[in-house]
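2 protein chains.
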Amino acid sequence: MDSREKILEVARDIFQKKGKSGTRMQEIADAAGVNKALLHYYFKNKDGLFKEVFVDLIRKMLLPLKQQMFQKNLPLEDRIQNFVDGYINSLKENPLLLTFILGELSMNNMPFVPPPEIGEGIIQLGVELKEDEEFKHIDPFQLATTIIGSCVFPFIARPMLIGLGLEKSTTFEEFLEERKKILPQIILSGIKIK
Amino acid sequence: MDSREKILEVARDIFQKKGKSGTRMQEIADAAGVNKALLHYYFKNKDGLFKEVFVDLIRKMLLPLKQQMFQKNLPLEDRIQNFVDGYINSLKENPLLLTFILGELSMNNMPFVPPPEIGEGIIQLGVELKEDEEFKHIDPFQLATTIIGSCVFPFIARPMLIGLGLEKSTTFEEFLEERKKILPQIILSGIKIK
DNA sequence: GTCTATAATGGGATAGAC
DNA sequence: GTCTATCCCATTATAGAC
Chain A
15 MDSREKILEV ARDIFQKKGK SGTRMQEIAD AAGVNKALLH YYFKNKDGLF KEVFVDLIRK
75 MLLPLKQQMF QKNLPLEDRI QNFVDGYINS LKENPLLLTF ILGELSMNNM PFVPPPEIGE
135 GIIQLGVELK EDEEFKHIDP FQLATTIIGS CVFPFIARPM LIGLGLEKST TFEEFLEERK
195 KILPQIILSG IKIK
Chain B
15 MDSREKILEV ARDIFQKKGK SGTRMQEIAD AAGVNKALLH YYFKNKDGLF KEVFVDLIRK
75 MLLPLKQQMF QKNLPLEDRI QNFVDGYINS LKENPLLLTF ILGELSMNNM PFVPPPEIGE
135 GIIQLGVELK EDEEFKHIDP FQLATTIIGS CVFPFIARPM LIGLGLEKST TFEEFLEERK
195 KILPQIILSG IKIK
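For the record, the sequence lines run as chains A and B. Counted the way the numbering used here counts, the first sequence spans residues 15 to 208. Counted the way the numbering used here counts, the second sequence spans residues 15 to 208.
As structure tokens, then:
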């Protein structure tokens with residue numbers, strides 16, 4: 015693998031673990047097995063490297079949202095089930111991703127410009143809810159926040175949940191598997207008319 | 015107000031905004047209207063100051079959890095309604111609190127040792143669900159994660175939600191007010207037997 | 001308790017050889 | 001492209017006067 019790619023790869027990891035200001039250029043260089051000067055050669059400065067990593071990680075985070083939230087031609091039930099399944103799986107592979115992104119968005123105010131399809135998809139969800147006799151007329155942003163938040167929260171709050179005793183009766187892994195089953199049920203019963 | 019208290023007060027603000035490693039001792043000193051050396055006099059070093067602020071903020075975050083989740087003698091419906099109401103109100107007053115705490119817990123691994131009542135309260139919630147014919151037998155940690163996550167997520171993910179278009183049709187404030195009404199409905203329909 | 005002044009180090013950045 | 005060496009400012013930390 016070429017050096018540039020290698021640097022980006024380890025930078026992604028370290029930035030996620032320690033945040034932008036907690037990360038040292040030296041540490042990235044060491045982990046990548048190159049000299050610090052090379053980071054500046056490729057990315058000009060810390061900010062340049064960080065930005066490249068950040069937009070990359072934003073894309074990575076949005077991908078499953080795009081893919082799994084709005085597969086047309088499927089009934090809402092299946093789409094919610096698929097979404098919860100797919101999103102939790104994807105978060106399992108990148109457990110630090112959301113905490114990192116949301117933290118950085120809040121601290122520095124980094125730009126966040128998602129592709130418009132996602133926002134539009136949420137609006138569209140509202141239209142569907144209105145048209146379907148089976149469901150309550152819920153503001154789609156409320157629904158989306160509930161679904162996404164319920165999937166994401168275990169990852170963001172993992173240390174807190176463990177402190178509260180989550181792992182006394184199960185493992186985190188089992189908790190997530192159970193969650194994939196139970197969450198769609200709760201949500202669906204929650205938004206159906208009866 | 016004495017200097018020590020003043021320092022802690024501004025440190026709470028600044029640490030929440032910029033995170034531990036993003037915060038400069040100088041900035042805290044300036045904001046408190048004292049000299050930098052005084053911070054070291056009272057708190058020994060940055061870590062000492064941070065720790066004191068952090069445990070303080072942890073307590074602040076847990077307080078509404080303790081107060082509002084487990085008021086005995088009330089039917090579950092009312093307790094959930096009260097909890098959502100009270101917790102969202104409390105988060106409105108400290109919108110950065112959760113992002114900060116969860117971020118720092120994940121980056122540094124800060125100790126997180128909540129008072130045992132909260133964990134026990136969650137277990138107890140499970141017992142109640144089992145005893146009550148009206149509700150499904152749901153793992154209480156799944157339920158708690160869903161409720162807490164749904165309240166908290168809008169605050170943690172605010173920049174993201176705004177990027178997705180949340181504020182195109184309402185203000186964040188209105189969104190929260192609506193949320194207080196709608197969330198208990200979704201949750202309750204979600205866990206009731208029919 | 002609070003300040004000024006300064007030490008000590010950390011860490012981002014660059015020049016220049018190879 | 002990649003390295004060594006070095007610069008230099010930012011930031012933490014301390015000594016010592018008041």
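Where is the CB? At the ideal position from N, CA and C, for every residue including glycine. Bear in mind the structure is a predicted one, so any value in this text is a computation, not a measurement.
List the residues of chain B that residue i touches, going by C-beta distances under 9 Å, in chain order.
i, result
"G100 of chain A", "Result: empty, since nearest Cβ-Cβ is about 18 Å, beyond 9 Å."
"G36 of chain A", "G33, K34, S35, G36, M121 and N122"
For a contact meaning CB atoms closer than 7 Å, what does residue i contact in chain B?
i, result
"S104 of chain A", "Those within 7 Å of S104 of chain A in chain B number zero; the least Cβ separation is about 16 Å."
"L119 of chain A", "P173 and M174"
"F126 of chain A", "P173, M174 and G177"
"I205 of chain A", "I200"
"L116 of chain A", "T113, I170, A171 and M174"
From which residue to which residue does the alpha helix (DSSP H) around residue i run?
i, result
"S17 of chain A", "S17 to K32"
"Q82 of chain B", "K60 to M83"
"N123 of chain A", "Run containing N123 of chain A: none; DSSP gives neither H nor E here."
"P198 of chain A", "F186 to I205"
"V98 of chain B", "L90 to E107"
"S183 of chain A", "L180 to S183"
"K86 of chain A", "No alpha helix (DSSP H) contains K86 of chain A, which DSSP labels as neither H nor E."
"K233 of chain B", "Lying outside 15 to 208, the shown extent of chain B, residue 233 of chain B is not represented and no answer is given."
At a CB-CB cut-off below 8 Å, which residues of chain A make contact with residue i?
i, result
"I136 of chain B", "L178 and G179"
"L166 of chain B", "According to the sequence as given, residue 166 of chain B is Val; it is not Leu. What V166 of chain B touches in chain A: G163, F167 and A171."
"K65 of chain B", "Ordered by position in chain A, no residue passes the 8 Å Cβ test against K65 of chain B, which lies about 16 Å from the chain."
In chain A, which residues lie less than 7 Å from residue i when you measure between Cβ atoms?
i, result
"L110 of chain B", "S120"
"I132 of chain B", "L178"
"S17 of chain B", "Chain A residues near S17 of chain B: none, gap ~27 Å exceeds 7 Å."
Name the chain A residues that come within less than 9 Å of residue i, Cβ to Cβ?
i, result
"K31 of chain B", "S120 and M121"
Q: Check whether the segment 192 to 201 of chain A touches the segment 76 to 85 of chain A, taking contact to mean three or more Cβ pairs, one atom from each stretch, closer than 8 Å.
A: no
Q. Between the segment 72 to 93 of chain B and chain A, which residues of the former have CB atoms less than 7 Å from a CB of the latter, in chain order?
A. none
Q. Using Cβ-Cβ distances below 7 Å, what residues of the segment 138 to 157 of chain A are close to chain B?
A. I152, D153, F155 and Q156
**Q.** chain A contacts from the segment 39 to 52 of chain B (Cβ-Cβ distance under 9 Å)
**A.** none
Q: Identify every run of the alpha helix (DSSP H) within the segment 129 to 175 of chain B, keeping only runs that are complete inside it and at least 4 residues long; order them along the chain.
A: 130 to 145 and 154 to 170
Q: Assess, as a yes-or-no matter, whether the segment 58 to 73 of chain B is touched by the segment 19 to 35 of chain B under the definition of 3 or more beta carbon pairs within less than 8 Å.
A: yes
Q. When you check each C-beta in the segment 175 to 198 of chain B against every C-beta of chain A, which residues fall closer than 9 Å?
A. L175, I176, G177, L178, G179, L180, K182, S183, T184, F189, E192, R193, I196 and L197
**Q.** the segment 130 to 147 of chain A touching the segment 164 to 181 of chain B, judged by at least three CB pairs closer than 8 Å
**A.** yes
Q.
With three or more C-beta pairs closer than 8 Å as the rule, is the segment 160 to 171 of chain B touching the segment 101 to 108 of chain B?
A. yes
Q) Does the pairing of the segment 40 to 50 of chain B with the segment 86 to 102 of chain B give three or more beta-carbon distances under 8 Å? A) no
Q) Using 8 Å as the threshold, is the segment 151 to 164 of chain B in touch with the segment 133 to 151 of chain A, meaning 3 or more CB pairs across them? A) no
(Q) For the segment 108 to 115 of chain A against the segment 48 to 61 of chain A, do three or more pairs of beta-carbon atoms, one drawn from each stretch, fall closer than 8 Å, so that the two count as touching? (A) no
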